[in-house]
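Below is one structure, written out as C-alpha cells; comments come after it.
Chains as they are written, first to last, in this note's numbering: chain P, 9 to 389; chain V, 1472 to 1706; chain S, -5 to 325.
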C-alpha cells in the first residue's frame, strides 16, 4: 500500500515537474514540492524529506526548511535553489515521533516568505527489511539443502566425492618420516577456531595423527591460538588411542608456540631448524607467515603438504611445497578423509548451490543481453 | 630515547641474523619477543577487557542507578565466567552454555549477511558492472568490430573473459562430479590457467609487501636511529 | 667437466642474493631518492570521498560527518601500513573532520594510540572535541553492531578512562548515521569483515588500506563498489601521501615545520590534555614529524630498485632452467 502511495507521489512529483517545465512562464511564486515520508526499512528513528524547488532561481534564490520533531524546533535546512531534487534524512532519535517541515522562501532581497508549504510524517519502525528477501530465500534454500543432505549422509546414503590429488601423498609423506626417523610437523594454520579452514585442518589432523601413531613417528603440533590448542590436544589424544598407541602419546606434542603472528613464525621456524622434520603439513588459514614457514621447512629438507583458502598465500605454497590443496579442496579433503556426514552433506549442498548460482547467473546474463534486468534483480537483489 | 631505539635496532639485527643461520643471538631475540608479547597481552587484556568491559560498565550502572542495565551486565558476566569451567574435568560441560550462546548469535547474524556480501553482490558484479551496464555486452563487441583498436578490444573482451573465468573456476571446485565428466574435463585447464594467473598477480603483490617490510626496518635504522645517534654523540 | 653456467645459476648461495638485495635496497634509501607515483583510481576515490565529507561538513556545521579509523594491523605490518594510516589521518585533520579511532587487536593498542596522537598533535586537534581514541573494543563484531545504534552504550569509557557520554565529539558522533566513511587499514581479512557488516548491513562506505600481500584479495569488492577505494601496499601509501602532501602545501604552505610550531605558539590556553600529548616539539620530534611525510615515497624508490633486481633474477633463473632442460633433452 505504502509503495503504491509512494509511487503515486513520485508520479505526482514528476507530473508537476513536467507541468512546471511546460508552463515556464506560469511558474508559481514561491512554488515548491515538499515530500515527507517515513524512512522505509528502518528502526523507526528517521523520516525522509524530498524537496524540489519550482520557482525560478532569480525570483527565489534560496529556500529554508524549518524542522520540528513532536512540536519542538530542531533546525533549519538551507536549500539553494538549483532546480534540483534535495534529499535529506531527518533524525528523530525515537519511534513514533511526528516530524513537521515548514518551507519558507527567500526572495531576491532575502526576505523570508511563508510558510509556503507544510508537511507532516510519523517515524515508524518496520519489522522486516524487505531488501533482504532475496538473501533470505537463498540462505533458507542453502540451509534446507544442507539439512536434507546431512540427514541423507547420516542415514548412510553414499555421497560421492571425487579423489583429490595430494591426498595420496599423505601416506607416503608419513612413511618417509618414519624411514628417516625424523618427526612429522602438523601446523593447523594460524587462525582461530571459528575459521572454517582451521576446522577443516583439525579434521585432517585426526587421520594424520592416527597414521603417525601407527608408524611410531615423532609428532609435533605447534599452535597459535589457545582455543585451537585445547581442541587439537583432544583430537591427537583420541587419534593415538584409536590407533591403540596411547602409550606413545605425550601431552607436549601439541603445544602453544606463541600467540603473535611473527613470533609464532619465529618460534616454529626455530623448532623446525632444531628438530629437522621430514614431513611438514601446513593446512589451514595462513597470513604473511606462510612463506616463512614453507621456506624454512624447505631448507631443512622436509616434504611439505600445504592447503589453505587464503588466496594471497596460495602462490607461495604452490611454489614452495610439494603438494597444495587449493582453496575449497582443503574442505573437500577434510570431508573425504573424515567421512563425516556433516561435512559430506555440506559439501554436496555447496555443489548444488554453486550449480544453482551458475544457472541463475547464466539466466540473468542472457536476459541482460536483451536489456531485461528483472531476472537479475530477482535473483541477486 | 636513544637507548630504546638502539635496543630496537640490535633486536632487528639479531632477527635478521637468522638469514645466516640459527644462532644464540636469534634465539635470544625470539624468546624475548615471545615473552614480551605474552606479558603485553596479559596487561592489555586486563586493562582493556576486564576493566573496560566488566568493571567500568558495572560501576557506571551503579553510579547512574541503572539497575536493569546492572542486572543484565551481571548475568552476562556470570554466563561468560562459565567458560572457566573448562579447567575442571567434572564441570567442563557447563562451558557449552556460553559457547552455544556465542555460536548461536554469530550464525544468525552472519549467515544472511555473508551470503549477501560474498555471493549475491559478487555474482551481481559478474552480471553487470557497478554502473549497471551488462558485462556480456553486444554493443561493445560491435564497437570493436566497427573500429578495431586496443582500447575497444579491451572493453569488448574484459567482460566476457570475467564471466567465463568465474564459470570455469566454479566448475573446477565441484567435488561431487566424477573426474571423467566432460564438463569437469573441459573446465579443468582453463580454470587452472585462471587460477595460476590470479596467483601470479597475487605473488607479485606479495613480493612487494615483503620488500616493504625490509625497507621499513632499514628506514628505521638509517633514517631514525642513525641521525639520533649522530646527534647525541655529536651534540 | 666444467660446470655449465645454468648449473651455476641454480646453485647460487641464497646469502649472496640477500647481500645484493640489501645493497640494492640501501642505495636509494641512503641517497634519499623519492618516487613520484601516478595516482590510481582506487586511491583517488578515497581522497575524493574524504573531500566530499569535508564539503558536507561545511554545509552542515551543526551535524558534521565523522570518519571512523580502525587500526586493524599490528606492529608487524606497520612498515607498509603506517604511512597509509598517517596520510588519511592527516587528510582528515587538515579538513577538520571529526575522527574516531580504535584498534582491532590487542597488540595494536599502543600503535593506534601513538599514531592517532602523533597526527592530531600536528594540527593542534583537541582530544574529545576533534578526535577520540576508543582503545580495543573487544569483541569487534559486537562493537560494529553497537555502532549501529549507540556506541556509547557498548564502550562506556574511552581508552583514557573518560566517560563516553562526557565527550562532546561522541555526543555528536555515536552511530553510523554520522559516520561518512570507515577507514580500515589492515594486513588481515578485517576489511572483508567491515564490508560484510558495516557495508552490507548498514550501507556504510568502506575505504581499505592493505598490505600488498592481501591487496589481490580485495579487488572483487572494488569491482562491485562494496569498497569505495583501496590503497594497496607501499605504492598505494605513496600515492595517498602524495595527494595529502599536495593538499597540505596548498593549505598551509611548504614550511610545515613552522606551521606545526606556530600551532602551539598562538594558543597559550591549556586546552590540550597532556595525557594525550604534550604541546610543543623537541628537535627530534620535529624531525620525525617531517620525515613521516615522505616515508612511503622514499620507500618506493627502494622498492622499484628491488623489483628490477627480482625481475632480472626471474628472467635469469628461467633462462637457466630452459637451457638446463634443453641440455637434458639432448642427452
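Idealized CB from N, CA, C, for every residue including glycine.
Just mark residue 324/S as buried or exposed, buried being the case when its beta carbon has 16 or more other beta carbons within 10 Å. exposed
Roughly how many whole angstroms lie between the Cα atoms of residue 263/P and residue 203/P? 19 Å
Quick check on the DSSP output: what are the complete beta strand (DSSP E) runs of length 3 or more inside the region 29 to 107 of chain S, in order along the chain? 60 to 66 and 93 to 97
Less than 8 Å between CB atoms is the rule here; does residue 120/P satisfy it with respect to chain V? no
So with CB distances below 7 Å, who are the chain V contacts of residue 197/S? Those within 7 Å of residue 197/S in chain V number zero; the least Cβ separation is about 12 Å.
From the DSSP output, read off the bridge partner residues of residue 329/P. DSSP, once it has assigned bridges, lists no residue as partnering residue 329/P.
Do you know offhand how far residue 199/S's Cα is from residue 193/S's? 6 Å
Within 8 Å (strictly less), CB to CB, does residue 242/S reach chain V? no
Check whether residue 53/P and residue 174/P have beta carbons under 8 Å apart: no
How big is the Cα-Cα spacing for residue 270/P and residue 179/S? 18 Å
Please list the residues of the region 278 to 290 of chain S that have a C-beta atom closer than 8 Å to any C-beta atom in chain V, keeping them in chain order. 278, 281, 282, 285 and 289
Determine, for residue 1751/V, whether the minimum Cβ-Cβ distance to residues of chain P falls below 8 Å. Since the first residue shown for chain V is 1472 and the last is 1706, residue 1751/V is missing from the structure and cannot be characterised.
For residue 112/P, the first and last residue of its enclosing beta strand (DSSP E): 106 to 114
So the alpha helix (DSSP H) residue 1546/V belongs to, where does it begin and stop? 1538 to 1552
Name, going along the chain, the residues of the region 273 to 303 of chain P whose beta-carbon falls closer than 7 Å to a beta-carbon of chain S. 295 and 296
Could you tell me which residues DSSP puts in a beta bridge with residue 224/S? 202/S
Name the chain V residues that come within less than 8 Å of residue 219/S, Cβ to Cβ? 1601
Leaving out the 5 sequence neighbours to the left and right, which residues in its chain are closer than 6 Å to residue 63/S when beta-carbon positions are compared? 95 and 177
If I measure Cβ to Cβ from residue 224/P and keep anything under 8 Å in the same chain, skipping five residues before and after, which residues do I get? 186, 253 and 256
Listed in chain order, which residues of the region 106 to 137 of chain P have Cβ atoms closer than 7 Å to some Cβ of chain S? none
Rounding to the nearest angstrom, what Cα-Cα distance links residue 338/P and residue 1566/V in this structure? 30 Å
Does any CB atom of chain P fall closer than 8 Å to the CB of residue 181/S? yes
Along chain V, which residues have their Cβ under 9 Å away from the Cβ of residue 161/S? Here the premise fails: no neighbours, minimum Cβ distance about 14 Å.
Leaving out the 5 sequence neighbours to the left and right, which residues in its chain are closer than 6 Å to residue 28/P when beta-carbon positions are compared? Any reading at residue 28/P must be qualified, since the residue scores a pLDDT of 48, below 50, and its modelled position is unreliable; the value itself is stated next. Hits under 6 Å: 62.
Below 6 Å CB to CB, which residues in the same chain sit around residue 27/S once its five sequence neighbours on both sides are set aside? 295
Measure the alpha-carbon distance for residue 1660/V versus residue 356/P and round it to whole angstroms. 23 Å
Please decide whether residue 1609/V counts as near chain P, where near means a Cβ-Cβ distance under 8 Å. yes
Could you give the C-beta distance for residue 194/P and residue 207/P, rounded to a whole number, given that I count them as a contact under 8 Å? Not quite, the Cβ-Cβ distance comes to about 15 Å (not below 8 Å), so this is no contact.
Separation of residue 1698/V from residue 52/S, as counted between CA atoms: 42 Å
Is the Cβ of residue 1625/V closer than 8 Å to any Cβ of chain S? no
If we cut at 8 Å on Cβ distances, does residue 101/S have a partner in chain V? yes
Could you tell me the alpha carbon to alpha carbon distance between residue 1633/V and residue 31/S, rounded to whole angstroms? 28 Å
So that I know if they touch, is there some Cβ in chain P lying closer than 8 Å to that of residue 171/S? yes
Taking residue 114/P and residue 80/P to be in contact with their CB atoms under 8 Å, please state how far apart those CB atoms are, rounded to whole angstroms. About 24 Å; that fails the 8 Å criterion.
For a test of the three-state rule: what should DSSP assign to residue 1587/V, helix, strand or coil? helix
Contacting residues, own chain, Cβ-Cβ under 8 Å from residue 6/S (five flanking each side not counted): none
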